[in-house]
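A short worksheet on the structure shown next.
Number of protein chains: 2
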Amino acid sequence: MLAYQKIVRFIEDKIDHKIWSVGEKIPSIRTLMQQHSVAKNTIIRALIELEKNGLLFAKPQAGYFVRKRPSDNQAPQQQYPQSLPSMVSVPEIFYDIMQRSAAFDILPNLPAAPFSNHLIELHRNISKAQRNNRNATMYYDAPLGSKQLREQISARYRLRNSYIDADELCITFGCQHALFLALFVTCQPGDNVVVESPAFYGVVQLLEQLQINIIEVSASPVGGIDTKALAAVAQQWPIKACVVTPSFATPTGATMSEQAKQHLITLANQHDFAVIEDDIYGELSFEQPVSPLKSFDSDNRVILCSSFSKSLSRDLRLGWIAAARWMPDVIRLKLTSQLASNQTTQQGIAEFISKGNYRRHLNYFTHQLMLQRNQLISALQQYWPQDIRYTLPNGGIALWIELSANHNTTELYQHLISENIVITPGNLFSCSNCYPNYLRLSFNHPTTGKRLNAIKKLGKLLSS
Amino acid sequence: MLAYQKIVRFIEDKIDHKIWSVGEKIPSIRTLMQQHSVAKNTIIRALIELEKNGLLFAKPQAGYFVRKRPSDNQAPQQQYPQSLPSMVSVPEIFYDIMQRSAAFDILPNLPAAPFSNHLIELHRNISKAQRNNRNATMYYDAPLGSKQLREQISARYRLRNSYIDADELCITFGCQHALFLALFVTCQPGDNVVVESPAFYGVVQLLEQLQINIIEVSASPVGGIDTKALAAVAQQWPIKACVVTPSFATPTGATMSEQAKQHLITLANQHDFAVIEDDIYGELSFEQPVSPLKSFDSDNRVILCSSFSKSLSRDLRLGWIAAARWMPDVIRLKLTSQLASNQTTQQGIAEFISKGNYRRHLNYFTHQLMLQRNQLISALQQYWPQDIRYTLPNGGIALWIELSANHNTTELYQHLISENIVITPGNLFSCSNCYPNYLRLSFNHPTTGKRLNAIKKLGKLLSS
Chain S
1 MLAYQKIVRF
11 IEDKIDHKIW
21 SVGEKIPSIR
31 TLMQQHSVAK
41 NTIIRALIEL
51 EKNGLLFAKP
61 QAGYFVRKRP
71 SDNQAPQQQY
81 PQSLPSMVSV
91 PEIFYDIMQR
101 SAAFDILPNL
111 PAAPFSNHLI
121 ELHRNISKAQ
131 RNNRNATMYY
141 DAPLGSKQLR
151 EQISARYRLR
161 NSYIDADELC
171 ITFGCQHALF
181 LALFVTCQPG
191 DNVVVESPAF
201 YGVVQLLEQL
211 QINIIEVSAS
221 PVGGIDTKAL
231 AAVAQQWPIK
241 ACVVTPSFAT
251 PTGATMSEQA
261 KQHLITLANQ
271 HDFAVIEDDI
281 YGELSFEQPV
291 SPLKSFDSDN
301 RVILCSSFSK
311 SLSRDLRLGW
321 IAAARWMPDV
331 IRLKLTSQLA
341 SNQTTQQGIA
351 EFISKGNYRR
361 HLNYFTHQLM
371 LQRNQLISAL
381 QQYWPQDIRY
391 TLPNGGIALW
401 IELSANHNTT
411 ELYQHLISEN
421 IVITPGNLFS
431 CSNCYPNYLR
441 LSFNHPTTGK
451 RLNAIKKLGK
461 LLSS
Chain H
1 MLAYQKIVRF
11 IEDKIDHKIW
21 SVGEKIPSIR
31 TLMQQHSVAK
41 NTIIRALIEL
51 EKNGLLFAKP
61 QAGYFVRKRP
71 SDNQAPQQQY
81 PQSLPSMVSV
91 PEIFYDIMQR
101 SAAFDILPNL
111 PAAPFSNHLI
121 ELHRNISKAQ
131 RNNRNATMYY
141 DAPLGSKQLR
151 EQISARYRLR
161 NSYIDADELC
171 ITFGCQHALF
181 LALFVTCQPG
191 DNVVVESPAF
201 YGVVQLLEQL
211 QINIIEVSAS
221 PVGGIDTKAL
231 AAVAQQWPIK
241 ACVVTPSFAT
251 PTGATMSEQA
261 KQHLITLANQ
271 HDFAVIEDDI
281 YGELSFEQPV
291 SPLKSFDSDN
301 RVILCSSFSK
311 SLSRDLRLGW
321 IAAARWMPDV
331 IRLKLTSQLA
341 SNQTTQQGIA
351 EFISKGNYRR
361 HLNYFTHQLM
371 LQRNQLISAL
381 QQYWPQDIRY
391 TLPNGGIALW
401 IELSANHNTT
411 ELYQHLISEN
421 IVITPGNLFS
431 CSNCYPNYLR
441 LSFNHPTTGK
451 RLNAIKKLGK
461 LLSS
């Protein structure tokens, strides 16, 4: 262990044991130098490290202070009241938000960061596939998509304790497309579908498009859908499908416990409904890999939907679906509605994964996301009102914030849009207007520079 | 004019004026040499050219003979009897055929030809866009797609006498996807939609998927849909939409006259139905550019669907839709069912078009297709029964063949599939089983080598 790491460990220990408590000034650099008989630079390096990790913050001319830690925060409250099945009608403004893919960046007009080496390698793999596959220009892809890629995806699931055969997978044009296929083949207009509340807005909008009735069931911002509430709903109404994001759900970052997953599967078997699993954040865990709900499927009724949009690039337009008993219908629908996927992109990704570059990319990327989460939380603690509550997701790219009841984030969205600041208002995630004072913020980008300024500005607005 | 070209002209003239008639042996090489006072090689070069263009054929040890010319052939007969609106039910075997994108190649297992320089340049453009557009990995594409590409597509339509603004276009995942969007937003389950007979099978299968009733209206293998028959149908039944391929339709290669286009538009205005134009072969004319039906649209009700799959590469998965009054619904459906298109591919294609390479590619490609059409027809004339009838399309990639009534091409398909020979049986293009003795053959590939052998083999089978 290097000298500076010993200092880090020493200070962490003091904070962990609350010997130095939140808001307290820690000993000066000079004092620490003397205590540990090390050079000034060693102490400074340790303090910078601790600041980056969100344990300390510096006040100019004053010294270093113990930061309120993410885990000291209280999560937003679970507050969705039970609803009746109802037709979905999404207000125009929410389509406006969805059209700004922006919603995952508070300042979407900034120039993007340079590509990582991993992404450069991915682009090389795709270009190479394009140069080499002459057949692709003349013949459409097979309906299921590239076997090579499906085998790689299958191998990824094995790492998450889930056995999905390559031939149980069908390549799609992204996760949203997979969700569309799943809902189209399992439901007819007028059927009832359960979603968690808050839910991914893309699903809410799909239900409107397909004229499917929505039943919103309360979900904990920490543990996901309330399966007891779901049991009550399933007793009361016929349900065709239940759509959930069991791992690092948007907007909350919630992850279902193994027991909750098991309970959901039991209910689905008992009441004979399809379970549609949105697994798009499944690989973005900051800790241990998380098993998909699909791995609990005992009756071939969990349809898993995912894509590379959040883990690699939104521009690939490549996702997948494991459609269980509905696979033949999904293949036919894909064939008649799109014909085929892009072969060379699939081959490029397959090579990228098989050479270990996807694994290396994810290691790097999830670590970055964790640091960015801490950075965002630090900024919220410093610059936003003290009474906010927010989730502390261990994966994914966003967190869910509850403001005091007097705030309206939809109005705030409209107010900010003229300044090119984009927030995602809470009511986008439900069709019952029950999250007027909530918002989702993403840590997909570092909270530094202009983005930090935007967070500060927002903090001022919310405090005034 | 080179010496050999003068000989070509001389012989063409004799044949055109029927001085030398079909089947007749032309003067020997020695005679021609003496007549024209040119070298042997000059005569041989002229004969090879005439053979390639389908005017002559060589019999070993015998000399050159005047070939039955494509235009001497009689087109298949227009024979579809009027139908009632009915539910579509596509037999499994036709999904099997559709899954072999193969249907446009009689021997799909052969290795593909090397890329043309144009396609190599296109791939370079796409790779470059991928390297340069860092934003694309982080943000989804705008709902309409790349403005740059839409402007280039708009410019292409101006060359065909049609003014479609870039903002009237929405990028899709191919033409089939555009057709899906068009039918989804104009029709509900149970509505009636008119298609031409024979029709593109992808449309028939879409109607089945969307539970829309089909009304088949007779189409001439030369001039497309019979608008008088359509008028009678529109009098009798409520119609929501009419799907046609006005330019070089599959399977026949038929192209509607300007009068027929005008009549169709008048009927649509009068009976208030949407016109869905499949323009995928629109740029593959061997002669003058052909105006799309959309250019006759006087009431914002023609939805134009197309893609680059047939003109550039099937692997791009990029098409477009000009959805007229249904544009807002199409954008919303694209957004909820797929989110966005691939940005870098769009940018690569836009650059490819703007630099004139698409124009150059099409000049080259359509000329190749014409030669390949002649090659295929030559082979049919030499090796298939004399009583077949076939179309002589001036564009597109396929022709439509009528065999004598005792043949069944669906059975033939099943018989041949074990030998890796793929034909497209006539009944795929209707849901009334009225084309049992028809088939479509594509001239997307040269009829040489193994493909020529397959055509010979088929000829033997059909003659036995």
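First to last, the protein sequences are chains S and H. Just so you know, we're using UniProt numbering here: the first sequence kicks off at 1 and counts up by one. Just so you know, we're using UniProt numbering here: the second sequence kicks off at 1 and counts up by one. Glycine included, every Cβ here is placed at the ideal spot set by N, Cα and C. What you are looking at is a predicted structure, and each value in this text was computed from that prediction instead of being measured.
- Residues are counted here when their Cβ sits less than 9 Å from a Cβ of chain H; for the segment 336-347 of chain S these are Thr336, Ser337, Gln338, Leu339, Ala340, Ser341, Asn342, Gln343, Thr344 and Thr345, given in chain order.
- For H/His123, the nearest CB of chain S lies under 9 Å from its own CB, placing it at the interface with that chain.
- Of all C-beta pairs linking the segment 419-429 of chain H to the segment 234-247 of chain H, fewer than three are shorter than 8 Å, placing the two stretches out of contact.
- For the pair H/Leu2 and H/Leu312, the CB atoms are not nearer than the 9 Å cut-off.
- Bridge partners of S/Pro425 according to DSSP: S/Leu439.
- Shown in chain order are the members of the segment 131-164 of chain S whose Cβ falls below 9 Å from a Cβ of chain H: Arg131, Asn133, Arg134, Asn135, Ala136, Thr137, Met138, Tyr139, Tyr140, Asp141, Ala142 and Pro143.
- Under DSSP, S/Asp278 shares a beta bridge with S/Cys305.
- For the UniProt domain "HTH gntR-type" (1-69) of chain S, the full-length beta strand (DSSP E) segments reaching 3 residues or more read 56-59 and 63-66 along the chain.
- Interface with chain S (9 Å Cβ-Cβ cutoff): H/Tyr281 is excluded.
- Following the DSSP letters along the chain, one finds H/Cys175 inside the alpha helix (DSSP H) bounded by residues Cys175 to Thr186.
- The distance from the Cβ of H/Pro198 to that of H/Ala219 is about 7 Å, consistent with a contact at the 8 Å cut-off.
- Annotation: S/Ile126 to H/Ser291 spans about 37 Å, alpha carbon to alpha carbon.
- Across the structure, S/Pro251 and S/Pro436 are spaced so that their CA atoms are roughly 14 Å apart.
- Taken in chain order, the unbroken stretches of beta strand (DSSP E) that lie wholly in the segment 103-182 of chain H and span 3 residues or more are 170-172.
- Taking a cut-off of 8 Å for Cβ pairs, the segment 159-174 of chain H and the segment 378-390 of chain H do not touch, as fewer than three such pairs fall below it.
- At a C-beta separation below 7 Å, H/Pro108 has these neighbours in chain S: Tyr139.
- In chain order, Asn133, Arg134, Asn135, Ala136, Thr137, Met138 and Tyr139 make up the part of chain S whose C-beta sits under 9 Å from the C-beta of H/Ala112.
- Any Cβ of chain H closer than 9 Å to the Cβ of S/Gly202 would place that residue at the interface, and such an atom is present.
- H/Ser337: member of the alpha helix (DSSP H) spanning Met327 to Gln338, first to last residue.
- Cβ contact annotation for S/Thr391 (same chain, cutoff 6 Å, sequence separation greater than five): Ala75, Pro221, Thr252, Gly253, Leu399 and Trp400, in chain order.
- As the crow flies, the alpha-carbon of H/Leu179 is around 35 Å from that of S/Glu283.
- Under the Cβ criterion of 9 Å, S/Arg451 is not counted among the residues facing chain H.
- Residues of the segment 365-396 of chain S whose Cβ lies closer than 9 Å to any Cβ of chain H: none.
- In the DSSP assignment, S/Ile215 falls within the beta strand (DSSP E) that extends over Asn213 to Ser220.
- Neighbourhood of H/Leu333 in chain S, by CB distance below 9 Å: Gln209, in chain order.
- Here DSSP, grouped into helix, strand and coil, assigns H/Ser341 to coil.
- For H/Glu402, there is no enclosing alpha helix (DSSP H); the enclosing beta strand (DSSP E) covers residues Ala398 to Glu402.
- Close CB contacts of S/Thr410 within its chain, under the 6 Å cut and outside five residues either way in sequence, are with Pro425 and Asn427 (chain order).
- Separation of H/Tyr358 and S/Ile212 (C-alpha to C-alpha, rounded to the nearest whole angstrom) is 44 Å.
- Assigned with DSSP and collapsed to three states, H/Val203 falls in helix.
- Nearest Cα to H/Asp96 within the set H/Lys460, H/Gln414, H/Thr448 and H/Glu419: H/Gln414.
- If you draw a straight line from the Cα of H/Arg389 to the Cα of H/Lys18, it is about 22 Å long.
- The straight-line gap separating the alpha-carbon atoms of H/Asn192 and H/Ile215 is approximately 7 Å.
- For H/Val233, the enclosing alpha helix (DSSP H) starts and ends at Thr227 to Gln236.
- Of all residues in the segment 170-187 of chain S, only Phe173, Gly174, Gln176, His177 and Phe180 place a beta-carbon less than 8 Å from a beta-carbon of chain H.
- If you ignore the 5 residues before and after S/Ser86, its C-beta comes within less than 7 Å of the C-beta of Asn213 and Ile214, all in its own chain and listed in chain order.
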